[in-house]
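2 protein chains.
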Amino acid sequence: MSEILTKRADDYAQWYNDLVLKADLAEHSDVRGCMVIKPHGYAIWEKMQRALDEMFKETGHVNAYFPLFIPKSYLAKEASHVEGFAKECAVVTHYRLKSDPEHGVVVDPEAKLEEELIVRPTSETIIWNTYRGWIKSYRDLPLLINQWANVVRWEMRTRLFLRTAEFLWQEGHTAHATRQEAIEETERMLDVYARFAEEWLAMPVLKGIKTASERFAGAEETYCIEALMQDGKALQAGTSHFLGQNFAKAFDVLFTNKENRQEHVWATSWGVSTRLMGALIMTHSDDHGLVLPPKLAPVQVAVVPIAKNEEQLNAIRAYAQPMLAALRTKGITVKFDDDDKKKPGWKFAEYEFKGYPVRIAIGPRDMENGTVEVARRDTLEKSVMQATDIADKVEHLLQAIQDNLYQKALAMRENNTRAVDSYEEFKVEIEKGGFLLAHWDGTPETEERVKEETKATIRCILLDGDQTPGSCMVTGRPSTRRVLFARAY
Amino acid sequence: MSEILTKRADDYAQWYNDLVLKADLAEHSDVRGCMVIKPHGYAIWEKMQRALDEMFKETGHVNAYFPLFIPKSYLAKEASHVEGFAKECAVVTHYRLKSDPEHGVVVDPEAKLEEELIVRPTSETIIWNTYRGWIKSYRDLPLLINQWANVVRWEMRTRLFLRTAEFLWQEGHTAHATRQEAIEETERMLDVYARFAEEWLAMPVLKGIKTASERFAGAEETYCIEALMQDGKALQAGTSHFLGQNFAKAFDVLFTNKENRQEHVWATSWGVSTRLMGALIMTHSDDHGLVLPPKLAPVQVAVVPIAKNEEQLNAIRAYAQPMLAALRTKGITVKFDDDDKKKPGWKFAEYEFKGYPVRIAIGPRDMENGTVEVARRDTLEKSVMQATDIADKVEHLLQAIQDNLYQKALAMRENNTRAVDSYEEFKVEIEKGGFLLAHWDGTPETEERVKEETKATIRCILLDGDQTPGSCMVTGRPSTRRVLFARAY
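Residue numbers (this note's numbering), protein chains in the order written: chain A, 1 to 489; chain B, 1 to 489.
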C-alpha cells in the first residue's frame, strides 16, 4: 500500500478529504449528502459510542428510542424551533410505490399521507410530546434519557463527517422540576463532553456559552465545547442546551410539585455526533495519514512477523505468542498479522496510514537477540526493545502516546490563541488562523458585521475566561469581557 | 405498584399488549405504526445487541453504516425485490418546509426532489451499489459486513415489537467468490441466530428453509428460525438469505477470480430485529408480568432492605455491603434499592412485574440469623438462605433460572408439535395451536389453499427433520417429506 496523500501545507481541505477516503473511514454515497461510514471509520465511532455511553450511564442516564418521523405539526409547535429547522427537512409525503406501464416504478398518488412526516433533524418535539404521558408528579423527575440515532438535515454543501445530510449522533433529553436543576444538568453534560474530548480524543477544548444568534433553535442558552483544528479553524465539538420551559409549554408537559401545584417542566438537550470523527482526524493526523489516540484505536498494536520462509514464520509465531498473550491480558487490542499474501513493507505502510498507534516488527535477528522492533505512530520513532516485560513497556508507550497527542494539540492551541485589541489588528490576525480573544459590545449587529467582513464568528463566551471589562474592538462601546472569535468549520 | 394484567387464558393478545405497556417496555407513538421503546425495554434490547454483536465479530464480521435513503431507481433494479417492498415504502419527495401566511408551516413546492428517496425497508440495493466500488478482485472477498440500523416498512396493522412501521435491527450483507462459500455463510449465520435464541433468549428454535412463496424478495433461498409462542402460534425469529448473484447482477458487481476471469459476486443477507423482544416476552412471561432470562436482564438481582427506621437501614446496608460486592465481583448486575419513598411491598411487586430474575430481601431477623430471603421470578419460589457464600448461590441460581426457562419452553414446544396425516385431522388440530408436521405436494397452490382454509402457513422445511416420503394431506400427490405448519405472528 502506498497511498498518495495531499500535503496539509499544500491544501488542507484536500488533505482531509484524501485521508478520509484513503484511510477507509468514509465515502460519499450516491444519495446526495449522505455518507457511507466504512468499517475502519465505524470501528472508531463504536469506541467513541461505548465510552460516551458509559459516561452517560455513570451520570444516571438511561437509553430509549423514539420514532424517526415527526408529524409536521409537532415541529411547528415551538416557533423558533421550526424556524431553525424548516429549511433543511426531508419530508415524507407518500407511503407506497406502484408499477406504471410507462414509467416503471412510481409513487402511488393514492397513498398520500394526510399529514406529512419530517425525518427527525433532532427529537425535542416528538420526545416532549411523549414526555407529556410520562410525567405527572415531581416523583417522576428528573427524567434522564439518551437516544443513539440517525438524524437528517438537508445540508446543501456537505463534507464527510463534518457536515452531512444524514449523520449519527446521541441526543440526551432530560426533564427537571426546577430551573436550577436543569441548568446543573446542562453544565454537567457539557463537562462530560469536555472530559470525553480531552481524555479519549486527546483533544483540548474550551467551554463556553453561545451568543443569542448561535443558540440552538428553541433553547434559552446553548453551551458548547470548541476545539482548534491544525489549520487554525475552530470546530464546535458538542453542545448542551438549557431549554427552559419552551418545549414543556409547547407540548403541555406539566407536573404536580411538592406543594401540589401544577408547573411546567424544565428541559435540557445535549448531543455529539459523527462530526467528532472529523475533529479527531483534524486534531492529530499528519501527512503520513491517520493518527489515532490509543484509547480510540480499534486495534492498538499491530505485530508483523518478518520471515523468509514458513519455518521462520513458525518460529516467530512461537516467539511472539507469550507477548501477544501478555498484551491481551492487559486489555490491549492486538493484531498479529501473519497474512503471507502481503509483504511486511506493505503492512507497515498500511498500519501507518490507518493510524495504528504501535507497530511491532519481529524478525530472525530479534529472536536471536531477544528483542522486538517497536514503532510509534505519533512520532514515527522506532526503537529496538528487549522483549522482556514487553507488555508493560507497550502499556506505558500507549499511555505516553495518548498524553503526547493531547499535549501537542494543547500547545498548538495555546500558540494560536491570542488577545487582540483593535479591529485592524483583528483583521490581520484572523488571516493567520487561531482563536482571537477580543472585546465585543454584545450586539448581534456587531457580531454580524464581524462575520461578514472577516468570516469570523463568536465561538463562545468562555465559562472560565478573563472577565476584565473593556471596549468593543469594532464600535468602541463598553464590553463586559473578551469573547472567543475564530473562523470555524 | 399494582398493575392489573389481563390473564393469558382470557385474552392472550390483550395480555401481551398490557404487559408491554405496563412493564414499561414500549408504547405506541402518535406517529402511525411507530413505537417508542422505553428505557426498560431498550435496556433489554441493548443486551441483545451486545451479545449478537460479539457473536458477529467472533465469526469475522465488522460493522459499517450505509445511508437511510435509497433512490427509487435503485430499489427498482432488482425486479422481485421492488415487487416485495413497493407496497410499504415511506417516500421522501421534498427537502424543505416554508411558512405560509394562511396555512402555517407547509411543504415548499419549490423543494421537490428530482428523484424520490425511499426510507430503507432493508439495505441490499444501496449496499450492493456501494460494494461495486469496493470489490475488484478475489482478494477483496469475502466481504463480511453488518449494520445496526432502523428500517421502515409501512405496515397497516401494527403490534408493539412484533410488527411496527419503524423497527430496529441488524442486517448482515456479505459478498463471496463462490456459490458454496455464500451458502456456508448463510447457514453459519442461521446457526449464530439459533445459538443466540437458545443460549441467550432461552428460546428453543427450529431451523429450516422457507418455501418459495415465503422467500425474501430477491433471495434464492431463505433460511429461518421458528419458535413457538405460549398461545400455540409460531413466530419467525430470524432469517438468513442466500441471494445468489441477483444483486451483483442488478448492480454490476464483478470481481476478477484467481483465473483472471470476471465473475459476478455471490451474496448473503441476514437479520434479526426488535421483533425478538416480542418473542422473548411471549416465550417466558406469565400472568404476574415479565419473566426475563438472567442473561438478558438489565438488572439480575434486586436487593431490598426491610427496615423500620434509619438506624436499622444503616445496619442492613452494612450487612449487605459485602454481599453486594461479592455479587458484583462475579459480574452479576445488582441493584440495592434503599429508596425510602417506596415501601418494600411496592418494590417486590415492581421487580416481579418487570421480570427481575432474583430478588433478595433483608430484614432485621435476617441480620440476627445470618440469612437473606431469596425469591426467584421464574417459579415465584422464596427461600431463606444462609448469607455465607451467597454470591456463589446466586450465581448458580441465575444459571438454574436460565436453564429452567429454556427447558420449560422446550417442553411446551415438544408437547405442541405433532404429525398429522389427513387434512381433516389437520383442520381439527390446527385449532389447538402448535406445530403440525404434515405432507405437502410442494405446490404453491396447495400451500395457498391450506392458508386460506385454515390460516396456517408452512413455517419451513426443517433442516434436520424426518425425510420419509409420503403423500400430500390435501391432494394425495407424492410428498418428499413432512413440512412444518402453524398459524403464525
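Just so it is clear, CB atoms sit at the ideal spot from N, CA and C, and this is done for glycine as well.
The model shown is predicted, which means the values in this text are computed figures rather than measured ones.
Provide the residue span of the alpha helix (DSSP H) that contains residue i, from first to last.
{"i": "A/VAL428", "result": "423-430"}
{"i": "B/PHE85", "result": "79-85"}
{"i": "B/GLU516", "result": "No answer is possible for residue 516 of chain B: the residues shown for chain B start at 1 and end at 489."}
{"i": "B/PHE251", "result": "No alpha helix (DSSP H) holds B/PHE251; DSSP gives it neither H nor E."}
{"i": "A/VAL291", "result": "A/VAL291 -> no alpha helix (DSSP H), and no H or E assigned at all."}
{"i": "B/ARG317", "result": "310-329"}
{"i": "A/GLY345", "result": "344-353"}
{"i": "A/ARG449", "result": "444-454"}
{"i": "B/ASP366", "result": "364-369"}
Could you spell out the range, first to last residue, of the beta strand (DSSP E) harbouring residue i?
{"i": "B/ARG418", "result": "417-419"}
{"i": "B/LYS22", "result": "From DSSP, B/LYS22 is part of no beta strand (DSSP E) but of the alpha helix (DSSP H) over 12-22."}
{"i": "A/GLU116", "result": "112-119"}
{"i": "B/ALA234", "result": "234-244"}
{"i": "A/LEU437", "result": "435-439"}
{"i": "B/ARG334", "result": "At residue 334 of chain B the sequence reads Val, which differs from the Arg that was named. Where B/VAL334 is concerned, the enclosing beta strand (DSSP E) stretches over 334-336."}
{"i": "B/ARG482", "result": "482-486"}
{"i": "A/LYS88", "result": "The amino acid occupying residue 88 of chain A in the given sequence is Glu; Lys does not appear at that position. Premise fails: A/GLU88 is in no beta strand (DSSP E) and is neither H nor E."}
{"i": "A/GLU26", "result": "According to the sequence shown, residue 26 of chain A is Ala rather than Glu. 26-28 is the extent of the beta strand (DSSP E) around A/ALA26."}
Looking only at DSSP bridge pairs, what is residue i linked to?
{"i": "B/ILE209", "result": "B/TYR223, B/ILE461"}
{"i": "B/LYS98", "result": "B/VAL106"}
{"i": "B/THR256", "result": "B/SER137, B/GLN262"}
{"i": "B/LYS382", "result": "B/ALA375"}
{"i": "A/ARG359", "result": "A/ALA302, A/ALA375"}
{"i": "A/TYR65", "result": "B/ILE37"}
{"i": "B/ILE70", "result": "B/ILE118"}
{"i": "B/LEU280", "result": "Bridge partners of B/LEU280: none, in fact."}
{"i": "B/LEU228", "result": "B/ALA234"}
{"i": "A/SER123", "result": "Answer by DSSP bridge pairing: none, since A/SER123 is not bridged."}
{"i": "B/TRP270", "result": "B/GLY172, B/SER240"}
Does the Cβ of residue i have 16 or more other Cβ atoms within 10 Å, making it buried, or fewer, making it exposed?
{"i": "A/TYR16", "result": "buried"}
{"i": "B/VAL384", "result": "exposed"}
{"i": "B/LYS72", "result": "buried"}
{"i": "A/ALA26", "result": "buried"}
{"i": "B/ASP464", "result": "exposed"}
{"i": "A/GLY41", "result": "buried"}
{"i": "B/SER2", "result": "Residue placement at B/SER2 is poorly supported in this model, since its pLDDT is 47, which falls under 50; the coordinates still yield a value, given next. Label assigned to B/SER2: exposed."}
{"i": "A/PRO478", "result": "exposed"}
{"i": "A/GLU350", "result": "buried"}
{"i": "B/GLY289", "result": "buried"}
{"i": "B/PRO469", "result": "exposed"}
{"i": "B/ALA9", "result": "exposed"}
{"i": "B/ALA90", "result": "buried"}
{"i": "A/ARG139", "result": "exposed"}
{"i": "A/PRO444", "result": "exposed"}
{"i": "B/ARG328", "result": "exposed"}
{"i": "B/VAL299", "result": "buried"}
{"i": "A/ALA64", "result": "buried"}
Complete runs of the beta strand (DSSP E) confined to the region 131-184 of chain B [at least 3 residues]: 143-152, 166-176
Quick check: the region 231-248 of chain B against the region 139-157 of chain B, are at least 3 beta-carbon pairs closer than 8 Å? no
Using a Cβ distance threshold of 8 Å, determine whether the region 240-247 of chain A contacts the region 175-187 of chain A, with at least three qualifying pairs required. Look at the beta carbons and you see the region 240-247 of chain A touching the region 175-187 of chain A: at least three pairs across the two are nearer than 8 Å.
Evaluate contact between the region 387-401 of chain B and the region 365-379 of chain B, counting only Cβ atoms and requiring at least three cross-stretch pairs below 8 Å. yes
Pair every Cβ in the region 256-275 of chain B with every Cβ in the region 169-183 of chain B, then say whether three or more of these pairs are closer than 8 Å. yes
At least three beta-carbon pairs within less than 8 Å, the region 300-316 of chain A to the region 74-90 of chain A: no
Okay, do the region 158-172 of chain A and the region 357-373 of chain A touch, 3+ Cβ pairs below 8 Å being the bar? no
Taking one C-beta from the region 386-398 of chain B and one from the region 212-222 of chain B each time, how about it: are there three or more such pairs within less than 8 Å? no
Tell me whether the region 329-336 of chain A and the region 268-277 of chain A touch, counting them as touching only if at least three CB pairs, one residue from each stretch, are closer than 8 Å. no
Contact between the region 50-58 of chain A and the region 188-200 of chain A (3+ Cβ pairs under 8 Å): yes
If you pair each beta-carbon of the region 106-123 of chain A with each one of the region 123-133 of chain B, do three or more pairs fall below 8 Å? no
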